[in-house]
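There are 2 protein chains.
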Amino acid sequence: MEKIEPKILKGTRDFLPEDMAKRLLIMGKIRRIFERFGYDAIETPVICPAETILGKYGGEGEKLTYNFRDAGDRWIALPFDLTVPFARLVAANWRDLPMPFKRYQIQRVWRAEKPQKGRLREFYQCDIDIIGTKSLIAEAEIAKIMVEVFKELGFINFIIKVNSRRLLNEILDSYKIPKEQSLEVIRTIDKLDKVGEQAVIEMLEEIGIKKAKDLMKLLKPEKDNKSTFRKVSKFNIKEIDTFFKYCEKFDIPEKYLQFDPSLARGLDYYTGISYEVVSNDFNFGTLCAGGRYDNLCGLFCNEDFSGVGVAFGFERIVLALQEMNELENVGLNSQVLVTLFDKKSINDSLSIYSELIEAGINSEVYFESDKLAKQFKYANKKQIPYVIVCGPDEAKNDEVTIKEMKTGKQETIHRDQMVSHLK
Amino acid sequence: MEKIEPKILKGTRDFLPEDMAKRLLIMGKIRRIFERFGYDAIETPVICPAETILGKYGGEGEKLTYNFRDAGDRWIALPFDLTVPFARLVAANWRDLPMPFKRYQIQRVWRAEKPQKGRLREFYQCDIDIIGTKSLIAEAEIAKIMVEVFKELGFINFIIKVNSRRLLNEILDSYKIPKEQSLEVIRTIDKLDKVGEQAVIEMLEEIGIKKAKDLMKLLKPEKDNKSTFRKVSKFNIKEIDTFFKYCEKFDIPEKYLQFDPSLARGLDYYTGISYEVVSNDFNFGTLCAGGRYDNLCGLFCNEDFSGVGVAFGFERIVLALQEMNELENVGLNSQVLVTLFDKKSINDSLSIYSELIEAGINSEVYFESDKLAKQFKYANKKQIPYVIVCGPDEAKNDEVTIKEMKTGKQETIHRDQMVSHLK
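Those protein sequences? They're chains A and B, same order as listed. Residues in the first sequence are numbered consecutively from 565, following our numbering. Residues in the second sequence are numbered consecutively from 565, following our numbering.
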């Protein structure tokens, strides 16, 4: 029979045990922090009626989204983010949901893009949102969660850049920039990190903005938040000021927060506080971003839900932690391998194994009475830290030999002490 | 703007927080048992080159599988099970994998079927497999894991039915059933649970099997395993006998194992020991099934991997546990709600909340100074067991009032004792 090449699509990935151990560890840490702050999980379907996914971006989205007609001629699409499915779920279920509603969602999403470095067709997102309140406590809580997540994962030099869209709009107004041009201006300012200040000034001048240099000077964050606040103090800074006060009450160290009046976030989706997390230790771009939005469910219903939420870029976080060598010591599950000395010792080995399992120690038994060297090699390949040998000598004395694989140190102890020794 | 109906496809589901709490609990328990036995997680892509999914069943599978051409005219399919993607992953990576290779995989799969009760288009499977060994210890280990999983989840009256495909073939041989007819006969016998003994006998007679009644009498399990072994003892029962001996060494109580010579499992995929788990407490059919197979990767490569594995029917397990009322007390994440007495008490409430979070207590703060009755209602809706009130009186004395929502009992205690009181 002709063999089929065991390939996968570009931009998708197989996760082998070593990858998964790391990914599950990171996901578990993120999940536990979300849960500590009272967020509950939801999950939405992968195969969706296409209009519930593509409504938002209409024709343009079709090219970037996996969509197809199924055998029953239903038009199906796979989600490209978690916000649209969340909005759909809220529109369908808001009467039964507690309000405010705090949810988290960790799922795969798909983009029909040409895969290239850092651009995948299939990847995970981790979203949290609070909807149904306009209180700025919600914004501060989300900031606190971002700090807790990045600290817990081992990030040190990270910063949450924060701005108020209302403030930015007011500043643009003061430069007599007409409302219909403000989105274009904001999108241009948003390129600051990528192209630098001079280029942005030139782009702004090209589209007719006068005093672009002066504007960019005003928007540039100062060396500390206090100075930045002072610089823009003639504008209405009540929103961003209250946000910072709440963050203080949440015990967020100020070093993690940077008031950045130039932060624009391209989407016209955000209406209040917006944030993005970057790290100075490497250049992966934004690790997490989001903000306050209005009218989450506008596509689906007339109910008006305001909320605040952020999406953690799970794949970038994994890459960053790898680069920081934070994942080097993440091992696989087995802590102990019980070897099989010879055919006669099967019963002893199985009984030792059962005892370990009963004691809750992640462990395994080798399936064949291969040469011990081969069994040790298997333990090394799986990074199993301890190997137990129970040959005829040990069996006679009701003993086991425990070998620590890292040091090669061996100890023969009484069977009764095995579990406590390993624990 | 015209609103889009916030609907989902039939046979797919939204999981709200109450559903997800239960599902994550069950998944976590299953996952931890797999890990205790030294299985490591893998994950495979959702969007796959269609030939790597459909190769196995060719044209027939196309109708039952979600498959489509993407914008680049690539033929894509979504996995209908976890075995085919696992085989593909092994074929692509076996040189780097430890052998024997023990993996678990918990992922969604898709079937393009007409949805009906118990038949979904999108659902989870949980698979474990050991490949690269022919040792019967592997079969016994998988049996042990099945017992641990169902016990841990709260099942009591469950049974693992076990048979040896080799034995069944030998018995069919002794009835002079020609090799080319044996698969048809096995598939007929496999209907036993659904249609009953008499119907199977008639169907066997119809396809020309002589002494069908006698055959079915021989295959029927006796009241205990010992009697069943005795009845078929003139055949080669070495495989099934060794399996039972290993199970004993694994401390599997005999009540959970039933030697059932009639167990056929429709697929011609299984070559040795096969099993299925059923429960007498309800009629959901098989909760878990699998067995020994040869040549896992035959579709993809010439390497010959024998293995043994089972798939846990996650969705059926959830339904069964629901029916058994085992999931009634599964709550959401928040344990404590910190209320907001009035605008002046925001700082106190946030500081109390920060203290709880710091202490690792899953909790949340209410975002607005609504009437306390409304805040209590929110706590009830989210099943939050404790509510903290810190009004002006409490604040003055550095105290908090803790209300237990279930009993209505209230206690005012010093702030210093709050965390220890709640823990």
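Quick reminder that beta carbons are idealized off the backbone N, C-alpha and C, glycines included. Since this is a predicted model, take the numbers as computed values, not measurements.
Specify whether the stretch 837-846 of chain B and the stretch 622-641 of chain B touch according to this definition: at least 3 beta carbon pairs, one from each stretch, less than 8 Å apart. Flag = no, the stretch 837-846 of chain B and the stretch 622-641 of chain B do not touch.
By Cβ distance, which residues of its chain are closer than 8 Å to A:D832, with the 5 residues on each side in sequence left out? Only L747 and I750 meet the Cβ criterion.
Pull out every residue of the stretch 872-900 of chain B whose Cβ sits closer than 9 Å to any Cβ of chain A, in chain order. Cβ contacts with chain A come from L896, N897, S898, Q899 and V900.
Pick out the complete alpha helix (DSSP H) segments inside the stretch 710-796 of chain A, 4 residues or longer, and give them in chain order. 729-738, 743-753, 756-759, 761-770, 776-783 and 789-795, all fully within the stretch 710-796 of chain A.
Is there a Cβ from chain A that is less than 8 Å from the Cβ of B:E677? For B:E677, the answer is no, since every Cβ of chain A falls outside 8 Å of its Cβ.
To the nearest whole angstrom, what separates the beta carbons of A:P609 and B:L573, a pair I think is in contact under 8 Å? Beta-carbon to beta-carbon, A:P609 and B:L573 are separated by about 7 Å, close enough to satisfy the 8 Å threshold.
Can the beta-carbon of B:R856 be found less than 8 Å from the beta-carbon of B:I837? Yes, these two residues count as a Cβ contact at 8 Å.
Considering only the beta carbon of each residue, do B:G602 and B:K666 sit closer than 8 Å? Yes; because the gap between Cβ atoms is below 8 Å, this pair is in contact.
Between B:I724 and B:Y820, is the Cβ-Cβ spacing less than 8 Å? Yes.
How would you list, in chain order, the residues of chain B whose beta-carbon sits under 8 Å from the beta-carbon of A:Y603? Per Cβ cutoff of 8 Å: N897.
Below-8 Å beta-carbon distance, B:Y839 vs any chain A residue: Output row for B:Y839: interface = no.
Which residue comes first and which comes last in the beta strand (DSSP E) that contains B:N800? Boundaries cannot be given for B:N800, as no beta strand (DSSP E) includes it and DSSP labels it neither H nor E.
Cβ contact (3+ pairs, closer than 8 Å) linking the stretch 756-767 of chain A and the stretch 776-783 of chain A: Contact annotation: the stretch 756-767 of chain A touches the stretch 776-783 of chain A, with at least three C-beta pairs closer than 8 Å.
Does the beta carbon of B:Y810 sit closer than 8 Å to a beta carbon anywhere in chain A? Among the residues facing chain A, B:Y810 is included, as its CB has a counterpart in that chain under 8 Å away.
Considering Cα atoms alone, identify which of B:F714, B:R596, B:G682 and B:K681 is closest to B:A605. Measuring from the Cα of B:A605, the nearest candidate turns out to be B:R596.
Take B:N944 and list the residues in its own chain whose beta-carbon comes closer than 8 Å to its own, dropping the five residues that flank it on each side. Close CB contacts of B:N944 within its chain, under the 8 Å cut and outside five residues either way in sequence, are with M969 (chain order).
By the 10 Å Cβ neighbour count, where 16 or more other Cβ atoms means buried, how is B:N561 classified, buried or exposed? Shown here, chain B extends from 565 to 987; a query on residue 561 of chain B therefore has no answer.
Going by the CB atoms, is the gap between B:V713 and B:I594 shorter than 8 Å? Yes, the Cβ-Cβ distance between B:I594 and B:V713 is below 8 Å.
Where does B:G855 fall in DSSP's three states? In the structure shown, B:G855 sits in a strand (DSSP, three-state: E or B).
Would you mind giving the Cβ-Cβ distance between B:V726 and B:I670, rounded to the nearest angstrom? I have them listed as a contact below 8 Å. So it is not a contact: roughly 24 Å between Cβ atoms.
On the premise that B:C954 lies in contact with B:S913, defined as a C-beta separation below 8 Å, what is that separation, rounded to the nearest angstrom? Indeed, because the Cβ distance is near 6 Å, the residues count as touching under 8 Å.
At the 8 Å Cβ level, is A:K627 part of the contact set with chain B, yes or no? Answer yes: the Cβ-Cβ gap between A:K627 and chain B drops below 8 Å somewhere.
Would B:S791 pass as an interface residue toward chain A - the criterion being a Cβ-Cβ separation below 8 Å? Chain A contact via Cβ: absent.
Spell out whether any CB of chain A is found under 8 Å from the CB atom of B:R600. When Cβ-Cβ separations below 8 Å define contact, B:R600 makes contact with chain A.
Any contact between the stretch 890-904 of chain A and the stretch 932-949 of chain A? By contact I mean 3 or more CB pairs, one from each, below 8 Å. With the cut-off at 8 Å, the stretch 890-904 of chain A and the stretch 932-949 of chain A touch.
Taking only beta-carbon positions, decide if A:V929 is within less than 8 Å of chain B. Output row for A:V929: interface = yes.
Three or more C-beta pairs below 8 Å linking the stretch 956-971 of chain B and the stretch 909-923 of chain B: Yes, they touch.
Which bits of chain A does B:M584 rub up against, with CB to CB less than 8 Å? In chain order: D604, A605, I606 and E607.
Suppose the cutoff is 7 Å on Cβ atoms and the five residues either side in sequence are ignored; what does the same chain contact list for B:E716 look like? Apart from the 5 residues on each side of it in sequence, B:E716 sits with its Cβ closer than 7 Å to the Cβ of K593 and I597 in its chain, given in chain order.
Alpha carbon to alpha carbon, what distance is there between A:S915 and B:A812? Residue identity differs from the one stated: residue 812 of chain B is Glu in this sequence, not Ala. Cα-Cα distance, rounded: 10 Å.
If the cut is a Cβ gap below 7 Å, which residues of chain A does B:N911 touch? For B:N911, the residues of chain A that pass the 7 Å Cβ criterion are K813, in the order they occur in the chain.
What three-state label does DSSP hand A:N631 in the structure shown? Here A:N631 sits in strand by DSSP.
On the three-state DSSP scale, how would you describe A:P1011? No answer is possible for residue 1011 of chain A: it lies beyond the span of chain A, which begins at 565 and ends at 987.
Report yes or no: do the stretch 633-646 of chain B and the stretch 918-936 of chain A share at least 3 C-beta pairs separated by less than 8 Å? By the C-beta criterion, the stretch 633-646 of chain B is judged not to be in contact with the stretch 918-936 of chain A, since fewer than 3 inter-stretch pairs fall below 8 Å.
Which residue comes first and which comes last in the beta strand (DSSP E) that contains A:E968? Here the beta strand (DSSP E) through A:E968 covers E963 to E968.
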